[in-house]
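Worksheet: one structure, shown below.
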Amino acid sequence: MRLQPYLSQKLQDYFQDILHYAQQTIQEPDEVEHLHQFRVSTRRAQSILREFKGCFEPAYLQKSRQLLKRFIKVSNDARDLDVLLLTLSSWDLPDPLHLEELQIHLRRARKEAYGALHEELAKVPALLYALLGPKIVCKRSLKKALKDAFRRSIERLRRLGSSIHSDEEFHRFRVALKRARYIAELMVQRGLMPPKRLKRLKALQDLFGQIQDASVQSRRLLTLAQQEEFDKMTYMAMGKVMADLLERKERLKRRLREDLQKRLRALGV
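Heads up, the sequence shown is in my numbering, so the first residue is 1129 and it goes up one at a time.
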């Protein structure tokens, strides 16, 4: 199979997924998985445009990348609140009721965030329609193109993984892992990679995702503690959660520093 028709079909499939989950998010806002899949589908489309950017007309590439970036940006706040509420719902505290006031505040903020998000999601059909039928100029074979793209992603991981210490370095590596994961998905679909290799890649990405979540959640809780008024026990509970989140983040970072190279070798890096 040639690369050109494959890219065209994949983009169309991802756009359809974006549209589907945008509509599902509007219809069932309490189902947090809908928004998560909306963002995953958007990132998959971004990966096609990023890894095979030489196949698209510059004007189309710029327009589509700006639009997909907008989809992620407008959904960041709602998704962060979803994740934080899920985290707090299962947090181990001597008295979970001490977080009740905070959860009420966050649910109210979530309702407002989703209200603003729904206005943006309602525009998705018209915005995506303008991206249909891209002109793609690629005469390469699909197999070679996918293998080359994955090789580049592996080289990027090797380079970034050689020295990883700061939060920013962990974040950059996590982004590179996502890029490798989306290409690996395509490889598995085409029978060019064993599924167990993709499974290892996802597991490593999940660990880096937990570090990112802990960073985002602890910062949000600190901002709330500084800007909002809560009762004394709520402040104490928030402090305990923040301390636990930061301890978890550092524990995961230490673990990954110790065995990252081993994990990368298992991926073929």
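In this text, a Cβ means the ideal position worked out from N, Cα and C, and glycines have one as well.
Original post:
In its own chain, which residues sit with a C-beta less than 8 Å from the C-beta of Met1364, not counting the 5 before and 5 after it?
Top reply: His1226
Original post:
Among Arg1268, Asp1205, Ile1311 and Leu1288, which residue has its Cα nearest to the Cα of Arg1302?
Top reply: Leu1288
**OP:** Have a look at Lys1275 and Leu1249 and give me their C-alpha separation to the nearest angstrom.
**Re:** 35 Å
Original post:
If you check the beta carbons only, do Ser1291 and Arg1307 fall under 8 Å apart?
Top reply: no
**OP:** Tell me whether the beta-carbon of Met1366 lies closer than 8 Å to the beta-carbon of Leu1230.
**Re:** yes
Subject >> Contact belief for Asp1295 with Ser1343 at Cβ below 8 Å, rounded distance in angstroms >> reply: 6 Å
Original post:
When DSSP labels each residue in this structure, what does Phe1358 get in the three-state scheme?
Top reply: coil
Subject >> 8 Å contact criterion, which Leu1245 and Ser1203 should meet: CB distance rounded >> reply: 6 Å
**OP:** Could you check if Thr1351 is buried or exposed, using at least 16 other CB atoms within 10 Å of its CB as the buried criterion?
**Re:** exposed
Subject >> Start-to-end residues for the alpha helix (DSSP H) that takes in Ala1294 >> reply: Position check: residue 1294 holds Ser in this sequence, whereas Ala was assumed. Where Ser1294 is concerned, there is no enclosing alpha helix (DSSP H), given that its DSSP letter is neither H nor E.
**OP:** Look up Phe1184 in the DSSP assignment and say whether it is helix, strand or coil.
**Re:** strand
Subject >> CB of Pro1253 within 8 Å of CB of Ser1136, strictly >> reply: no
Subject >> Per DSSP, the bridge partner or partners of Ile1176 >> reply: In DSSP, Ile1176 forms no bridge with anything.
Original post:
Do Leu1395 and Arg1325 come within 8 Å of each other at the CB atom, strictly closer than that value?
Top reply: yes
Original post:
Which class does Ser1217 belong to by DSSP, given the choice of helix, strand or coil?
Top reply: helix
Subject >> Rounded Cβ spacing between Leu1329 and Ala1312 (contact assumed at less than 8 Å) >> reply: 5 Å
Original post:
Just the Cα atoms here: how many angstroms apart are Lys1271 and Met1129?
Top reply: 8 Å
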